[in-house]
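Quick note: the sequence shown, position 43, residue 41 per this note's numbering, numbers continuous. Notes to accompany the following structure.
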Amino acid sequence: LLEFPPQEWSLRWYESYFGSLEWRDATIVSVKVAVMTAIVATLLGTAAAYAINARTLRMTGLINALLTASLIIPVILIGIGTFFLYARIGLNNTLTGLVIAHTVQALPLVVLTVLSGLRSYDMNQEMVARSLGAGRFSAFFQVTMPQIRFSIVSG
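Okay, structure coming up:
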């Protein structure tokens, strides 16, 4: 019987958690998925936001709509679709499959956060750096990224 508030306090659940190899393994998998998802979503989301903001892609509106679609579509529908797709291509019960699925959910949040930071940033500063001899990547990493770093980290 579950009741709240509990009638007595106990540490037995912590003992059960820390004493169980299954829980430890599940926690390790969760941390791995979280770290890999954060890295992949941050890299892809920052690149996508930069491309959308710079309008270097032809169909930025369509790309932006596709990236943010997972915020509109119910998660259960995405989950069911992902399950059947993964069953066909053999990604069910794999770490790679988990990371991809979580990245699909995290990517729109990163794109929107970084895009808002980029829109408040004057892109002319990067153009000036490039006119002074900095390459495209150098200008981004030395001029743009330090100014939008809080958007990237919060994304």
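Using N, Cα and C, we set each Cβ at its ideal position, and we do this for glycine too. All values reported here derive from a predicted model rather than from experimental measurement.
Test item: CB-CB of residue i and residue j under 8 Å
i: L113; j: I50; result: yes
i: V31; j: H100; result: yes
i: G59; j: L105; result: no
i: V108; j: T40; result: yes
i: Y84; j: G95; result: yes
i: Y15; j: W21; result: yes
i: G115; j: S68; result: no
Spatially closest choice to residue i from the options, by CA coordinates
i: M143; options: L130, G131, D120, S129; result: D120
i: I37; options: V126, R56, V102, E20; result: V102
i: I146; options: Y12, R128, E124, V29; result: E124
i: A52; options: A132, S118, S129; result: S118
i: V97; options: I26, F148, V33; result: V33
i: L93; options: V29, F2, I70, A137; result: V29
i: G153; options: E1, I74, Q140, A45; result: A45
i: V27; options: T80, E1, F2, N91; result: N91
i: N122; options: W11, V141, F135; result: V141
Contained alpha helix (DSSP H) runs [length at least 4] in the segment 25 to 74, N- to C-terminal order: 58 to 70
In chain order, what are the residue ranges of uninterrupted beta strand (DSSP E) at least 3 long that sit wholly in the segment 82 to 106? none
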